[in-house]
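Single-structure report; data block below.
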Amino acid sequence: MRSTSSRNRTSRAARTAAAVFAGALALSLSACGGDDDSGNGNEQGGSGEETANTVTLPKLNGESLEVAAVWTGAEQENFKKVLAEFEKRTGAKVTFVPAQDPIINFLGSKVAGGQPPDIAMLPQPGAIKQAVEKKWAKPLGPEAIDELQKNYSQGWQDIGKVDDKQYGVYYKAANKSLIWYNAKVLENAGATEPKTWDELLTTAQTVYDSGVTPFSVGGAEGWTLTDWFENIYLSQAGPEKYDQLAKHEIKWTDASVKDALATLAQVWGKKDYVAGGASGALQTDFPASVTQTFTGGDQPKAAMVYEGDFAQVNITQAKAKVGTDAKVFPFPAVGDTAPVVSGGDAAVILQDSKASQALATWLASPDAATIQAKLGGYLSPNKNVANSAYPNAVQQKIAKALIGSGDDFRFDMSDQAPQAFGGTPGKGEWKALQDLLKNPSDIAGTQRKLEADAAAAYGN
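Residue numbers (numbering that gives the first Met the number 0): 0 to 459.
Given below as C-alpha cells:
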C-alpha cells in the first residue's frame, strides 16, 4: 500500500531525503510574511506557463455522472466549480454525492443497492486496495494514464496502483506537517517560531505565561490525532520504522511507539495546554479547532493549531488573513530531522464508461487542479500546475515545497492502514488516540489496544 518508489530505501537514504525536503520547507515557510508573491507570477511547480485547455476531452452531450466524496462546506463548493468546467467542456451533467465516513461503508451500501457512483474520491490508499479487492474499482484507461504520466511524479502515480495496475488519480494532496499560529498572540507573548520539539514546548510555555492556552486540538475527529502521532513518530523513530509500522511489520507495543506516545503526552497531558482540556478537545471538530485559534481578538481560545495546508479554508472562514493574522511553521523536529507527512484524495472509477474515464482524465489534468488551486485551501500533486495559481504566498511556498520533493515524502500512515484500523470513527487508531487524549498517562494500555486492533485489521 506504500509507494513502490519508497519501499526499499535504506534508513540512511530515507533520512537524507526527508532532511532535504524538510529543510526546503522550513526555508520556504520562514519567508511567509504576507499575501503578495515576490513578483514571479509565471513560476511553475513544474515547467512551462499556466495552462488552459491543455487536455483533450470527448463530447458527452446527454451523459450523466455521479461523483461521491466526503467533502463538505467550502471544499465541496470549490470542487463543484471544477466539475462545472468539465460539464462546460464536454456537455455532460455531473452530480456531487455527499458521502459519509468511512466512505468504503457508504460505497458498500450503494453497490449493494445497485447504484454506485461513477467515481468516488477515496482518501486512503488502503481504501483503494479494498475497492479493488471487492471488485468495485475499475482500472484507468489509456487517456487517463497518459495524463497522469505527463503531470505526476512516479511516486504519486504508484500510490494509486494496486498490483501494478493504475486505479487512482490523486487529485488532492496535503502537506500534513504544519503548525498554524495566531501571529498577534505569539508577538504579544514574545514567543518565536520553534524548529525543534523542545523549542515548541518552550514557545507553548511562553504563550501560556502570557495568558493564552497554547494549543487547539480537534479531538472529536480521530484523524487529527493520528496526524499528531505520525509526525512525532516519523521524526523520532525515523523513516525505516515508520514504513515498518505502516505495514504492521513491527508491533504497536514496540518501544519506538511508547517513546512517541510519551512525547505526545508532553502536550496532551500538560495541564491547561489544550483548549477546553481533554473533554473540550474531544468535543471540538477539526473546523472549530482552527477557527477558535483565529477568533476572539487578542484572546482566542488557543494560540496554535496543528494540521495541514487545507486549514486555510477554515482560517479564511474565521475572517483571518493567511500570512498576516495566521502564520505557519513546519512541524518541529523531534529527532534528527523535521517530519514531512503527506496525504491525499484519489479519484477511483466504480462504473466504467467513456464519461467516467473522461472525468478521471480531467481530474488528472493541470486545467482541473488550477481551478481549485486559485480558490485556496487546496494543494495539488500535479507538477504542471502553475505556482502562481495558488492565491497567497504561504500556499505558493507550501505547494513549491511539495512539488520540489519529487518522490521523497512519507504518506499518512493511518491512510495506508486497513480502514477498520486507520480510518473508522470510534474504532481502531482513531478511538485509541482519543482515549489517550482523555488519559495521557495510559501509554501502555493505549499500545495494547492499538496492537490488538491492528492485528485484527491486518490479519496478522
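Ideal Cβ placement from N, Cα and C applies to all residues, glycine included.
Comparing C-alpha positions only, which one of V384, G275, I178 sits nearest to K149? Comparing alpha carbon positions, the residue from V384, G275, I178 closest to K149 is V384.
Own chain partners of P439 with C-beta closer than 7 angstroms, once the 5 adjacent residues on each side are dropped: Shown here for P439: same chain residues with a beta carbon closer than 7 angstroms to its own, the five before and five after excluded, namely A264, W267, G268 in chain order.
Specify the secondary structure class of R8 as computed by DSSP and reduced to three states. Note on R8: pLDDT 30, under 50, position unreliable in the model; no value is reported.
For the candidate residues D441, F420, G444, whose alpha-carbon lies nearest to that of P101? The candidate whose alpha carbon is nearest that of P101 is F420.
For A277, which option in N77, D434, S379 has the closest C-alpha, if you only look at C-alpha atoms? Ranking N77, D434, S379 by Cα distance to A277 puts D434 first.
In terms of residue numbering, what span does the beta strand (DSSP E) encompassing E65 cover? Residues 63-68.
Are the beta-carbon atoms belonging to I142 and T360 less than 7 angstroms from one another? Checking the sequence, you will find Glu at residue 142 rather than Ile. Result yes, Cβ atoms of E142 and T360 sit closer than 7 angstroms.
C-beta contact flag for L358 and I158 at 7 angstroms: By the CB criterion at 7 angstroms, L358 and I158 fall outside the cutoff.
Quick one: what's got a C-beta closer than 6 angstroms to A21's C-beta in the same chain, skipping five residues either side? Note that A21 scores 46 on pLDDT, short of 50, meaning its location in the model is unreliable; the coordinates nonetheless yield the value given after this. Take A21, set aside five residues on each side of it, and the residues of its chain with a beta-carbon closer than 6 angstroms to its own are T336, A337, V339, in chain order.
Could you confirm whether any beta carbon from chain B is found closer than 7 angstroms to the beta carbon of W361? Checking the listed chains, one finds no chain B in this structure; it contains a single protein chain.
Going by beta carbon distance, what residues of the same chain come within less than 6 angstroms of I103, once the five residues before and after it are set aside? The beta carbon of I103 lies closer than 6 angstroms to those of A126, Q129, Q418 in the same chain, with the five residues before and after it left out.
For the segment 284-296 against the segment 212-220, do three or more pairs of beta-carbon atoms, one drawn from each stretch, fall closer than 8 angstroms, so that the two count as touching? The segment 284-296 and the segment 212-220 touch, with no fewer than 3 CB-CB distances between them shorter than 8 angstroms.
When burial is assigned at 16 or more other CB atoms within 10 Å of the CB, is S379 buried or exposed? Residue environment for S379: buried (at least 16 other C-beta atoms within 10 angstroms of its C-beta).
If we ignore side chains and look at the alpha-carbon of each, how far apart do V81 and G72 end up? So the alpha carbons of these two residues sit roughly 15 angstroms apart.
Give the single residue among I397, P213, I402 whose Cα lies nearest to the Cα of K300. In this structure, P213 is the residue among I397, P213, I402 with its C-alpha nearest to the C-alpha of K300.
Could you give the distance in angstroms between the alpha-carbon of E198 and the alpha-carbon of T205? Their Cα atoms are separated by approximately 10 angstroms.
Candidates N391, W70, A346, G296: which alpha carbon is nearest V184's? When only C-alpha atoms are compared, the closest one is G296.
Roughly how many angstroms lie between the CA atoms of A416 and P122, to the nearest whole one? A straight line joining the alpha-carbon of A416 with that of P122 spans about 12 angstroms.
Compute the beta-carbon to beta-carbon distance between L59 and A83, rounded to the nearest angstrom, for a pair I have assumed lies under 8 angstroms. In this structure L59 is not in contact with A83, their Cβ atoms being roughly 14 angstroms apart against a cut-off of 8 angstroms.
Pairwise C-alpha distance: T202 and G47: Because G47 carries a pLDDT of 35, less than 50, the predicted location of this residue cannot be relied on, and no value is offered for it.
Kindly identify the DSSP beta-bridge partner or partners of N174. BP columns for N174 point to S341.
Proximity winner among Y389, A398, L436, relative to A172 (alpha-carbon distances): The shortest C-alpha separation from A172 is found at A398.
What alpha helix (DSSP H) runs, 4 residues minimum, are completely inside the segment 297-334? Runs found: 310-316.
Mind the definition here: the segment 306-316 touches the segment 248-258 only if three or more C-beta pairs lie below 8 angstroms; say whether that holds. Judged by Cβ distances under 8 angstroms, the segment 306-316 makes no contact with the segment 248-258, as fewer than three pairs qualify.
On the DSSP letters alone, give me the boundaries of the beta strand (DSSP E) that P390 sits inside. Unbroken run through P390: none, as it is neither H nor E.
For K426, which residues of its own chain have a beta-carbon under 6 angstroms away from its beta-carbon, when the five flanking residues on both sides are left out? If we look at K426 and ignore the five residues flanking it on each side, it has no Cβ neighbours.
Short check: CB of I442 to CB of A236, under 7 angstroms? No Cβ-Cβ contact shorter than 7 angstroms links I442 with A236.
According to DSSP, is F408 part of a helix, a strand, or is it coil? Three-state result, F408: coil.
To the nearest whole angstrom, what separates the beta carbons of Q350 and F78, a pair I think is in contact under 8 angstroms? Approximately 19 angstroms separates the beta-carbon atoms of Q350 and F78; this is outside 8 angstroms, ruling out the contact.
Same chain only: Cβ atoms within 8 angstroms of T283, ignoring 5 sequence neighbours per side: Within the same chain, T283 has close Cβ partners S215, V216, G217, G218, A219, A274, G275, Q291.
Could you tell me which of T53, F85, E74 sits nearest to S355, measuring between CA atoms? The residue from T53, F85, E74 with its alpha-carbon nearest to that of S355 is F85.
Please tell me whether G343 and Y169 are closer than 7 angstroms, where the distance is taken between their beta carbons. Yes, these two residues count as a Cβ contact at 7 angstroms.
Based on the DSSP output, what are the partners of V347 in its beta bridges? Partner(s): A119, G167.
Considering only their Cβ atoms, is the gap separating W135 from V304 smaller than 7 angstroms? Contact check for V304 against W135 fails: the beta carbons are separated by 7 angstroms or more.
Anyone know if the C-beta pair for Y166 and V131 falls short of 7 angstroms? Y166 is a Cβ neighbour of V131, given a cutoff of 7 angstroms.
If you drop the 5 nearest sequence neighbours on each side, which residues of the same chain put their C-beta closer than 6 angstroms to that of T191? Correct list: empty, nothing qualifies.
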